[in-house]
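Quick notes on the structure that follows.
2 protein chains.
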Amino acid sequence: MNDTVSAPNTPRGKIMLVGLGPGSNAHLTARARAAIAEADTIIGYVTYIRLVADLVVGKEVIKKSMTEELDRAIEAFDRARQGKKVALVSSGDAGVYGMAGPTFEVLFQAGWTPDSDIEVEIIPGASALNTCAALVGAPLTHDFCAISLSDLLTPWPTIARRLDAVAYSDFVVALYNPKSGRRTRQIVEAQRLFLRHRRPDTPVAIVKSAYRPKQRIEFTTLDKMAESDIGMLSTVLIGNSNTFIRHGLMVTPRGYRNKYDVESGATHDGEKAGRSLSTGLDGWLAGLHASGHSTAELAREHRLPEDYIAALLAEPLAADDTQTDEIEA
Amino acid sequence: MNDTVSAPNTPRGKIMLVGLGPGSNAHLTARARAAIAEADTIIGYVTYIRLVADLVVGKEVIKKSMTEELDRAIEAFDRARQGKKVALVSSGDAGVYGMAGPTFEVLFQAGWTPDSDIEVEIIPGASALNTCAALVGAPLTHDFCAISLSDLLTPWPTIARRLDAVAYSDFVVALYNPKSGRRTRQIVEAQRLFLRHRRPDTPVAIVKSAYRPKQRIEFTTLDKMAESDIGMLSTVLIGNSNTFIRHGLMVTPRGYRNKYDVESGATHDGEKAGRSLSTGLDGWLAGLHASGHSTAELAREHRLPEDYIAALLAEPLAADDTQTDEIEA
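One line per chain: the protein sequences are A and B, in this order.
Here the first sequence stands for residues 86 to 414, where the numbers follow my numbering.
Here the second sequence stands for residues 86 to 414, where the numbers follow my numbering.
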């Protein structure tokens with residue numbers, strides 16, 4: 086299998102999938118910069134190449150257009166088979182909706198294996214999720230998700246089901262590819278689905294061109310999200326039910342108020358630093374068993390599936406662990 | 086309000102919330118490195134400080150223990166009020182379950198505003214999500230989420246509801262804080278909730294100490310996840326229903342197969358490069374209206390809420406946009 090991938094006596098080729106982060110030099114990692122320097126050939130969407138124009142002088146540069154991700158992967162494979170070192174660049178993180186997936190699909194299709202003559206390295210970077218969050222405050226302090234509103238490769242029911250599920254279960258949500266010239270309605274549907282579960286005044290941040298000259302940040306609320314200025318270069322961040330905006334900063338609490346009195350720093354009655362909440366798994370299970378309520382009532386009260394509640398009640402309570410405390414994160 | 090935060094004539098203090106990424110020097114951004122160099126004082130959990138020991142020589146270094154996030158924020162505020170520059174360091178990204186949220190909560194509590202004498206900057210970094218993904222292949226090529234299994238500040242029903250929702254709607258899921266000496270059962274419950282919706286052979290990757298000397302990667306399946314070697318330094322990645330493991334690499338497809346024939350690269354009948362799928366929003370809506378099925382039947386078929394289907398059917402179909410194509414991402 087190895088011999089069919091590269092010609093004999095060719096030096097070992099390499100594909101480096103490089104996450105550029107937001108694209109400014111300051112936010113490149115040392116490894117990302119070194120990978121670009123090491124490469125003979127740079128391949129990427131024309132906008133991303135422009136972000137690192139000063140680093141690619143003297144190299145073969147292949148700029149691709151939209152809808153050509155598979156082409157970029159195929160070109161990278163072709164150069165690497167000739168023994169070249171190729172940097173396939175993406176903004177943000179190469180793994181998040183990026184080139185890493187398509188590249189492996191192309192490589193596997195061609196019979197490549199990791200022990201063949203082509204080495205593959207993925208160099209992580211901060212995704213739009215992280216860079217936009219850093220600009221608006223601290224929205225990602227609790228459970229969060231990313232959903233792409235692009236239905237170019239994904240059926241709409243799949244996307245809608247995900248939007249509804251995370252709105253219901255109160256995640257912080259980052260919408261990638263929220264809108265384009267052609268796709269204007271998906272953001273309207275996202276708002277509709279969210280309003281089934283969330284307050285209309287849920288904070289929303291819209292960040293365009295993070296850390297670039299045309300950077301723009303707008304705060305709004307869920308009920309006005311769809312009418313806001315959103316484009317191809319925007320990331321939309323929807324807060325959870327505890328997220329607030331104060332002094333122009335969007336913050337999602339981690340939950341210290343569940344355990345501590347904010348003024349004094351003391352723990353509430355029944356709570357303990359370094360230990361699970363009284364409504365953490367063990368305490369909650371004990372409460373479930375002691376409640377005397379039916380599985381149907383408990384399922385409604387806790388908004389959990391009835392069969393899950395039934396399975397928990399069918400098992401005896403376990404003894405507590407007695408090990409060391411841990412970090413609250 | 087400004088005068089109560091710092092003494093008059095004090096230089097402007099600064100708090101820099103620095104994401105160290107996985108912690109190796111190669112994966113620090115230039116800005117992260119510069120921020121540490123700029124700081125008079127470095128504060129962080131002892132393990133994170135150790136990751137940048139060579140960069141903090143000659144500076145005041147305050148190492149904190151677990152469950153002391155609020156203390157770290159309070160110390161940072163205290164130094165900044167004296168006009169010092171403080172780097173509050175976190176592994177990964179400072180915004181993801183990190184120090185950014187607690188810091189703003191402490192600052193707001195003390196009456197700080199962004200135009201006061203203390204400047205705050207958040208420096209993004211690649212989160213464990215991204216760095217672990219980069220080591221195992223390309224799992225994050227489609228919608229994903231992060232859930233912390235720590236119930237130290239969050240009630241268990243909230244966590245369980247989120248686990249069930251994302252298992253149902255087929256996200257790729259990263260579990261942070263999956264297990265500790267004391268918290269051993271939460272990962273068992275996560276597996277139980279996931280098995281309600283997902284195949285037992287769903288691929289799972291467990292990454293410990295990414296990019297550090299004791300790095301360890303294990304692949305397993307959902308039905309064996311809870312019995313695997315998982316600890317405080319581990320991140321667990323659960324694939325979606327299309328994720329596969331081949332040649333030791335975990336890959337989530339982006340969906341090219343929905344549109345293209347893999348062998349020839351040609352689009353399937355009825356599909357078009359650069360355009361929404363035939364089952365994208367517009368095409369799916371048209372099919373909904375044309376189906377003649379009841380809202381209940383359609384809700385069951387597409388696994389979407391019945392009231393949402395009803396709302397869509399109550400609206401007339403809109404005309405298509407006729408604008409330019411876009412990138413498939």
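Using N, Cα and C, we set each Cβ at its ideal position, and we do this for glycine too.
> So T320 (chain A) is in the alpha helix (DSSP H); what residue range does that whole segment cover?
Replying inline: Counting along the chain, T320 (chain A) falls outside any alpha helix (DSSP H), though it belongs to the beta strand (DSSP E) covering 319-323.
>> Under 8 Å, with one C-beta from each stretch per pair, do the stretch 252-266 of chain A and the stretch 361-376 of chain B reach the 3-pair mark?
In response: Contact between the stretch 252-266 of chain A and the stretch 361-376 of chain B is not established, with fewer than three Cβ pairs separated by less than 8 Å.
> Where does K309 (chain A) fall in DSSP's three states?
Replying inline: Shown here, K309 (chain A) sits in a helix according to DSSP, grouped into three states.
> By how many angstroms is the C-alpha of D202 (chain A) removed from the C-alpha of R450 (chain A)?
Replying inline: Lying outside 86 to 414, the shown extent of chain A, residue 450 (chain A) is not represented and no answer is given.
> Taking all protein chains shown into account, do 16 or more other C-beta atoms lie within 10 angstroms of the C-beta of G104 (chain A), making it buried, or fewer, making it exposed?
Replying inline: G104 (chain A) sits buried, since 16 or more C-beta atoms from the chains shown fall within 10 Å of its C-beta.
> What residue from B:Q276, B:L383, B:A165 has the CA that sits closest to T126 (chain B)'s CA?
Replying inline: T126 (chain B) has its Cα closest to that of B:A165, out of B:Q276, B:L383, B:A165.
>> Determine whether the beta carbon atoms of I207 (chain B) and A119 (chain A) lie at a separation below 8 Å.
In response: No, the pair does not count as a contact, with Cβ atoms beyond the cut-off.
>> Measuring CB atoms only, is the stretch 262-272 of chain B touching the stretch 310-319 of chain B, in the sense that at least three cross pairs come out at less than 8 Å?
In response: Touching, yes, given that three or more Cβ pairs across the two stretches are closer than 8 Å.
> Smallest Cα separation from G180 (chain B): which of A:T188, A:V181, A:R97, A:L214?
Replying inline: Cα-wise, what sits closest to G180 (chain B) is A:L214.
>> Cutting at 6 Å between CB atoms, please list the residues of its own chain near V205 (chain B), excluding the five before and the five after it.
In response: The answer, listed in chain order, is I100.
> Is DSSP giving L102 (chain A) helix, strand or coil here?
Replying inline: In this structure, L102 (chain A) counts as strand in the three-state DSSP scheme.
> Can you give the Cα-Cα distance for M184 (chain A) and T198 (chain A), rounded to whole angstroms?
Replying inline: Approximately 18 Å between the Cα atoms of the pair.
> Is the Cβ-Cβ distance between L173 (chain A) and L278 (chain A) less than 8 Å?
Replying inline: Not in contact: L173 (chain A) and L278 (chain A) (Cβ atoms no closer than 8 Å).
> Can you tell me the Cα-Cα spacing of P390 (chain A) and A384 (chain A), whole angstroms?
Replying inline: Using only the alpha carbons, I get a separation of about 6 Å.
>> Just checking: is the beta-carbon of L322 (chain A) within a distance shorter than 8 Å of some beta-carbon in chain B?
In response: False, the Cβ-Cβ gap to chain B never drops below 8 Å.
> Based on Cα-Cα distance, which residue from A:V141, A:V258, A:P242, A:E312 lies nearest to T320 (chain A)?
Replying inline: For T320 (chain A), the nearest C-alpha among the options comes from A:V258.
>> Considering Cα atoms alone, identify which of B:T306, B:A396, B:S349 is closest to L280 (chain A).
In response: Closest in C-alpha terms to L280 (chain A), from the list B:T306, B:A396, B:S349, comes B:A396.
> Considering only the beta carbon of each residue, do V221 (chain A) and L307 (chain A) sit closer than 8 Å?
Replying inline: The answer is no: Cβ separation not under 8 Å.
> Mapping DSSP to helix, strand and coil, what is A290 (chain A)?
Replying inline: Per DSSP, reduced to three states, the secondary structure at A290 (chain A) is strand.
> Between the stretch 107-122 of chain B and chain A, which residues of the former have a C-beta closer than 7 Å to a C-beta of the latter?
Replying inline: Within the stretch 107-122 of chain B, the qualifying residues are N110, A111, H112, L113, T114, A115, R116.
>> Does the CB of Q271 (chain B) have a neighbour CB from chain C at under 8 Å?
In response: Given the protein chain composition of this structure (A and B), no chain C is represented.
> Within 10 angstroms of its Cβ, does D354 (chain B) collect 16 or more other Cβ (buried), or is it exposed?
Replying inline: So D354 (chain B) counts as exposed.
>> Quick check on P401 (chain B): buried or exposed, where buried means 16 or more other Cβ atoms within 10 Å of its Cβ?
In response: Exposed, by the Cβ-count rule.
> Listing by chain order, which chain B residues have their CB less than 8 Å from the CB of G143 (chain A)?
Replying inline: When 8 Å is used as the limit between beta carbons, G143 (chain A) is near no residue of chain B, the shortest such separation being about 22 Å.
> Which term fits S233 (chain A), buried or exposed, when burial requires 16 or more other beta carbons within 10 angstroms of its beta carbon?
Replying inline: The residue in question, S233 (chain A), is buried, as its Cβ has 16 or more Cβ neighbours within 10 Å.
> Which of the three DSSP states, helix, strand or coil, is assigned to E303 (chain B)?
Replying inline: Taken through DSSP and simplified to helix, strand or coil, E303 (chain B) comes out as strand.
> With respect to the beta strand (DSSP E) encompassing S233 (chain A), which residues constitute its N-terminal and C-terminal limits?
Replying inline: Where S233 (chain A) is concerned, the enclosing beta strand (DSSP E) stretches over 229-233.
>> Taking its Cβ as the centre, do 16 or more other Cβ atoms sit within 10 Å of K299 (chain A), making it buried, or is it exposed?
In response: Exposed, by the Cβ-count rule.
>> I need the boundaries of the beta strand (DSSP E) containing F329 (chain B), first residue and last residue.
In response: According to the DSSP assignment, F329 (chain B) belongs to the beta strand (DSSP E) that extends over 329-331.
> Skipping 5 residues on each side, what residues in its chain have a beta carbon closer than 7 Å to that of N415 (chain B)?
Replying inline: An answer regarding residue 415 (chain B) cannot be provided, because it is not within the stretch 86 to 414 covered by chain B.
> Over what stretch of residues does the beta strand (DSSP E) that includes A172 (chain B) continue unbroken?
Replying inline: Here the beta strand (DSSP E) through A172 (chain B) covers 170-175.
> Who are the neighbours of T239 (chain B) on chain A, taking C-beta pairs under 9 Å?
Replying inline: What T239 (chain B) touches in chain A: H227, D228, R339, G340, N343, L362, T364, G365.
> Can you name the residues of chain A whose CB is closer than 8 Å to the CB of G98 (chain B)?
Replying inline: Within chain A, no C-beta atom comes less than 8 Å from the C-beta of G98 (chain B); the nearest is roughly 17 Å away.
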